[in-house]
Amino acid sequence: KLHSDLDKGVGTVKYTLSGDGAGTVFTIDETTGDIHAIRSLDREEKPFYTLRAQAVDVDTKKPLEPESEFIIKVQDINDNEPKFLDGPYVASVPEMSPVGAYVLQVKATDADDPTYGNSARVVYSILQGQPYFSIDPKTGVIRTALPNMDREVKEQYQVLIQAKDMGGQLGGLAGTTTVNITLTDVNDNPPRFPKSIFHLKVPESSHVGSAIGRIRAVDPDFGKNAEIEYNIVPGDGGNLFEITTDENTQEGVIKLKKPLDFETKKAYTFKVEASNLHLDHRFHSVGPFKDTATVKINVLDMDEPPVFSKPMYTMEVYEDTPVGTIIGAVTAQDLDAGSSSVRYFIDWKNDVDSYFTIDATEGTIATNELLDRESTAQYNFSIIASKVSNPLLTSKVNVIINVLDVNEFPPEISVPYETFVCENAKPGQVIQTVTAADKDLSPAGQRFSFRLSPEASNKPNFTVHDYRNNTAGIETRRNGYSRRQQELYFLPVVIEDSSYPVQSSTNTMTIRVCRCDSDGTILSCNVEAIFLPVGLSTGALIAILLCIVILLVIVVLYVALRRQKKKDTLMTSKEDIRDNVIHYDDEGGGEEDTQAFDIGALRNPKVIEDNKIRRDIKPDTLRFPRQRPTVEDNTDIRDFINQRLQENDVDPTAPPYDSLATYAYEGNGSVAESLSSIDSLTTEADQDYDYLSDWGPRFKILADMFGEEESYNPDKVT
Numbered sequence: 006k007l008h009s010d011l012d013k014g015v016g017t018v019k020y021t022l023s024g025d026g027a028g029t030v031f032t033i034d035e036t037t038g039d040i041h042a043i044r045s046l047d048r049e050e051k052p053f054y055t056l057r058a059q060a061v062d063v064d065t066k067k068p069l070e071p072e073s074e075f076i077i078k079v080q081d082i083n084d085n086e087p088k089f090l091d092g093p094y095v096a097s098v099p100e101m102s103p104v105g106a107y108v109l110q111v112k113a114t115d116a117d118d119p120t121y122g123n124s125a126r127v128v129y130s131i132l133q134g135q136p137y138f139s140i141d142p143k144t145g146v147i148r149t150a151l152p153n154m155d156r157e158v159k160e161q162y163q164v165l166i167q168a169k170d171m172g173g174q175l176g177g178l179a180g181t182t183t184v185n186i187t188l189t190d191v192n193d194n195p196p197r198f199p200k201s202i203f204h205l206k207v208p209e210s211s212h213v214g215s216a217i218g219r220i221r222a223v224d225p226d227f228g229k230n231a232e233i234e235y236n237i238v239p240g241d242g243g244n245l246f247e248i249t250t251d252e253n254t255q256e257g258v259i260k261l262k263k264p265l266d267f268e269t270k271k272a273y274t275f276k277v278e279a280s281n282l283h284l285d286h287r288f289h290s291v292g293p294f295k296d297t298a299t300v301k302i303n304v305l306d307m308d309e310p311p312v313f314s315k316p317m318y319t320m321e322v323y324e325d326t327p328v329g330t331i332i333g334a335v336t337a338q339d340l341d342a343g344s345s346s347v348r349y350f351i352d353w354k355n356d357v358d359s360y361f362t363i364d365a366t367e368g369t370i371a372t373n374e375l376l377d378r379e380s381t382a383q384y385n386f387s388i389i390a391s392k393v394s395n396p397l398l399t400s401k402v403n404v405i406i407n408v409l410d411v412n413e414f415p416p417e418i419s420v421p422y423e424t425f426v427c428e429n430a431k432p433g434q435v436i437q438t439v440t441a442a443d444k445d446l447s448p449a450g451q452r453f454s455f456r457l458s459p460e461a462s463n464k465p466n467f468t469v470h471d472y473r474n475n476t477a478g479i480e481t482r483r484n485g486y487s488r489r490q491q492e493l494y495f496l497p498v499v500i501e502d503s504s505y506p507v508q509s510s511t512n513t514m515t516i517r518v519c520r521c522d523s524d525g526t527i528l529s530c531n532v533e534a535i536f537l538p539v540g541l542s543t544g545a546l547i548a549i550l551l552c553i554v555i556l557l558v559i560v561v562l563y564v565a566l567r568r569q570k571k572k573d574t575l576m577t578s579k580e581d582i583r584d585n586v587i588h589y590d591d592e593g594g595g596e597e598d599t600q601a602f603d604i605g606a607l608r609n610p611k612v613i614e615d616n617k618i619r620r621d622i623k624p625d626t627l628r629f630p631r632q633r634p635t636v637e638d639n640t641d642i643r644d645f646i647n648q649r650l651q652e653n654d655v656d657p658t659a660p661p662y663d664s665l666a667t668y669a670y671e672g673n674g675s676v677a678e679s680l681s682s683i684d685s686l687t688t689e690a691d692q693d694y695d696y697l698s699d700w701g702p703r704f705k706i707l708a709d710m711f712g713e714e715e716s717y718n719p720d721k722v723t
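Under the numbering used here, the sequence shown is numbered contiguously, ending at residue 723.
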């Protein structure tokens with residue numbers, strides 16, 4: 006309520022209100038000065054309002070007092086319940102945690118004024134979740150309330166938390182939230198086999214490395230705490246098997262390390278130990294985190310293929326051994342209880358296998374063809390053994406046969422077979438060192454000997470010096486050689502090997518006499534060089550040849566230029582055609598206009614008409630009639646052209662005045678006579694063009710034109 010000391014209560018004073026909420030939230034009685042709230046107030050929306058009031062004279066409208074400012078404060082009441090802004094909550098705590106282990110802290114917010122009363126004082130409590138968890142009523146911290154909570158018993162817990170204002174007193178407002186708590190796993194459980202003995206049955210034909218069975222230990226833990234490692238305890242039969250862990254199922258997979266044989270041993274027994282990989286030291290007191298079970302494996306008898314006594318057979322035979330000679334044998338047995346007989350045969354794959362045969366019952370291998378080591382030194386093929394009782398059961402073994410060498414080829418000189426000697430060679434000079442090669446397989450320590458053949462030993466030209474190391478030198482025996490006297494020498498060399506039987510061969514070497522310088526460098530070995538002057542060097546010969554080549558090139562270029570020039574002259578004369586195209590700026594009168602130009606020059610002389618006046622030009626002088634004498638049928642074409650030329654020369658009105666007139670005249674020499682359309686007047690009358698009327702409207706004009714021509718004079722050319 007506002008009141009001015011000047012207000013006597015007679016209605017002469019008027020009160021006004023302005024500022025925050027004036028007229029919308031608050032209103033004032035202009036006569037009494039009472040201030041009223043016209044709507045509900047919310048402290049959480051606006052805690053106070055600043056207003057200004059003034060007393061005004063009703064009559065003069067002038068202020069009676071200065072304007073005064075005042076504040077209206079909204080007093081709080083408990084009209085807001087606590088709220089969990091972050092709820093619902095999710096938390097976790099390890100299983101087997103002690104009492105009081107921290108889980109989570111929750112917080113509720115109250116919008117009421119915390120400075121006025123207990124409206125904003127919040128107290129926390131658990132409505133659901135006891136006796137497993139507890140909460141601090143002031144801080145909202147949730148802790149475990151029971152020891153040894155086991156995840157394997159119960160993993161999920163849902164706790165209902167309440168926050169109440171007014172300090173938890175009666176009449177206070179409350180809010181709730183949910184906390185979902187999960188117990189995380191710890192390795193508090195060892196693996197355990199569900200049974201103490203596992204029985205497995207395995208066929209003896211199982212392959213090495215294959216899985217023959219699975220066993221499993223149960224661990225109630227989760228994740229890495231449930232990972233199990235399996236091991237075979239050393240003992241009876243354990244060395245034939247191995248066990249690994251399937252990472253997806255945590256099962257122990259038993260695999261075969263060695264082949265099984267029912268006839269050798271029918272059963273195996275060993276122990277398998279299962280243990281955790283990740284141990285927790287807090288639970289060592291519970292006991293050992295491993296378990297042991299017994300595995301018994303019974304081997305099942307299977308009908309197996311025969312077994313060879315060796316994994317591979319190697320045999321040797323000399324080349325050229327007679328056909329049918331036995332070189333070895335293979336052996337296979339049926340180890341099953343029935344002990345069936347075995348049959349042998351060669352696995353034919355190519356023609357090489359046909360060189361040998363095998364006895365189907367005994368397994369002996371014999372030659373089927375003559376062998377040649379130089380052609381094939383080794384044979385590799387397969388022998389298959391099958392059971393008589395079950396031919397589908399077969400086994401295979403590789404057989405390698407090495408062909409031993411027999412000394413059948415004589416040694417020969419390795420290349421080169423030709424060498425040279427200088428004309429100025431001295432006695433005892435080595436002109437070539439030779440080696441030998443043998444097609445036979447040379448044994449260790451094979452030696453070759455070299456010597457001259459008997460017929461060459463008495464010739465004083467060359468000799469062979471054996472160095473005793475499988476090489477020999479060709480040496481000169483005379484002082485100097487002359488190409489003029491003898492250009493080539495043939496030296497027979499005998500080579501022997503040291504194998505049995507001894508093989509030898511005579512090899513003829515060709516020795517060419519060459520001209521050399523003082524250092525032994527060859528200057529010339531050609532026969533033609535003998536007759537050249539002695540003083541003419543190789544450089545001079547090259548210079549002479551080069552000059553000859555240059556002269557030949559100059560002659561060829563000169564002839565080519567002359568031919569090219571002559572060809573250009575012929576082409577120019579062919580292209581120099583003096584025909585002119587006469588152009589007239591006059592369309593003419595169409596097909597029926599026969600006076601536009603003179604076509605007499607294009608006609609056949611047999612049908613030449615009289616002169617008509619030319620309409621294509623206007624002559625400056627008086628035009629003289631053109632004389633065109635008739636040309637006989639047998640007139641030569643040259644005379645006809647000359648007549649036309651003279652006629653145009655005397656006619657001053659014939660354009661152009663300096664051009665050559667060309668006439669389409671074929672002459673009468675052809676058996677087919679004239680092919681010109683100008684000379685076809687007699688054949689046009691024989692044509693019947695009535696069928697053009699049947700072709701439709703498009704050809705009507707063409708039918709009318711050719712229909713009218715039937716009445717034309719046949720002697721008249723249009």
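Ideal Cβ placement from N, Cα and C applies to all residues, glycine included. None of the values given here were measured: they were computed from a predicted structure.
Problem - Proximity below 7 Å, CB of T254 to CB of E278 - result: no
Exercise for the section: State the Cα-Cα distance for the pair R517 and P465, rounded to the nearest angstrom. Expected result: 16 Å
Exercise for the section: Assess, as a yes-or-no matter, whether the segment 223-242 is touched by the segment 189-196 under the definition of 3 or more beta carbon pairs within less than 8 Å. Expected result: yes
Problem - Residue from P142, A27, S380 and A58 whose Cα sits closest to the Cα of G172 - result: P142
Practice task
Would you kindly report the start and end of the unbroken beta strand (DSSP E) that includes D296?
Solution key: K295 to L305
Practice task
Could you tell me the boundaries of the beta strand (DSSP E) in which I259 lies?
Solution key: E256 to L261
Practice task
Specify the secondary structure class of V539 as computed by DSSP and reduced to three states.
Solution key: Summary for V539: the model assigns pLDDT 44, below 50, so the residue's position carries little reliability; its value from the coordinates is reported in the next sentence. Looking at V539 - three-state DSSP - the assignment turns out to be coil, as it is neither helix nor strand.
Handout entry: Buried/exposed call for A337, threshold 16 Cβ in 10 Å
Key = buried
Handout entry: Minimum C-alpha distance to Y472 - residue among L707, S454 and R482
Key = S454
Problem - Same chain, Cβ closer than 7 Å to I547, neighbours up to 5 away in sequence not counted - result: none
Problem - Nearest-angstrom Cβ-Cβ length linking N403 and S391, presumed shorter than 8 Å - result: About 17 Å separates the two Cβ atoms, so there is no contact after all.
Exercise for the section: Within the same chain, show all residues whose beta-carbon is closer than 6 Å to that of P52, passing over the 5 residues directly before and after it, in chain order. Expected result: V79
Handout entry: Simplified DSSP assignment, three categories, for I43
Key = coil
Problem - As assigned by DSSP and simplified to three states, the class of A477 - result: strand
Exercise for the section: Could you check if V346 is buried or exposed, using at least 16 other CB atoms within 10 Å of its CB as the buried criterion? Expected result: Sequence check: residue 346 is Ser here, not Val. S346 is exposed by the Cβ-count criterion.
Handout entry: For D155, the first and last residue of its enclosing alpha helix (DSSP H)
Key = First-last for D155: undefined, no H or E at that position.
Exercise for the section: Pull up the distance between the alpha-carbon of P93 and that of V164, whole angstroms please. Expected result: 10 Å
Problem - Inter-residue spacing [alpha-carbon to alpha-carbon] between K263 and S211 - result: 10 Å
Exercise for the section: Could you pull the start and end residues of the alpha helix (DSSP H) that P459 belongs to? Expected result: P459 to S462
Handout entry: Minimum length 3: unbroken beta strand (DSSP E) runs contained in the segment 22-102
Key = 31-33, 40-42, 53-62, 73-78 and 94-99
Exercise for the section: Using three-state DSSP, classify D471 as helix, strand or coil. Expected result: strand
Exercise for the section: Spatial neighbours of E324 within its chain, please: CB distance less than 6 Å, with the 5 preceding and 5 following residues excluded, ordered by chain position. Expected result: L376, D377, R378, V408 and V411
Handout entry: Cβ-based neighbour list, G329, same chain, cut-off 6 Å, excluding 5 preceding and 5 following
Key = A371
Exercise for the section: Compute the Euclidean distance between the alpha carbons of T29 and S139, then round it to the nearest angstrom. Expected result: 50 Å
Handout entry: Start-to-end residues for the alpha helix (DSSP H) that takes in Q174
Key = From DSSP, Q174 is part of no alpha helix (DSSP H); its letter is neither H nor E.
Exercise for the section: Alpha carbon to alpha carbon, how far is T319 from G525? Give it in angstroms, no decimals. Expected result: 57 Å
Exercise for the section: Confirm, please, whether the CB-CB distance from N83 to D117 is below 7 Å. Expected result: yes
Handout entry: Buried versus exposed call for E100 [16 or more other C-beta atoms within 10 Å across all chains shown]
Key = buried
Practice task
Whole angstroms is fine: what's the gap from V435's alpha carbon to M317's?
Solution key: 54 Å
Exercise for the section: Can you tell me which of V191, V128 and V158 puts its alpha carbon nearest to the alpha carbon of Q167? Expected result: V128
Practice task
Using three-state DSSP, classify D581 as helix, strand or coil.
Solution key: Because the pLDDT of D581 is 49, which lies under 50, any placement of that residue in the model is unreliable, and the question is left without a value.
Practice task
Please say whether T187 and Q161 have beta carbons closer to each other than 7 Å?
Solution key: yes
Handout entry: Buried or exposed by the 16-neighbour rule on C-beta atoms within 10 Å, applied to I363
Key = buried
Handout entry: Residues that DSSP places opposite H204 in a beta bridge
Key = K301
Practice task
Counting only the same chain and skipping the five closest in sequence on each side, list residues whose C-beta sits under 8 Å from that of Q174.
Solution key: N123
Practice task
Inspect the beta-carbon positions of F246 and E209 and report whether they are closer than 7 Å.
Solution key: no
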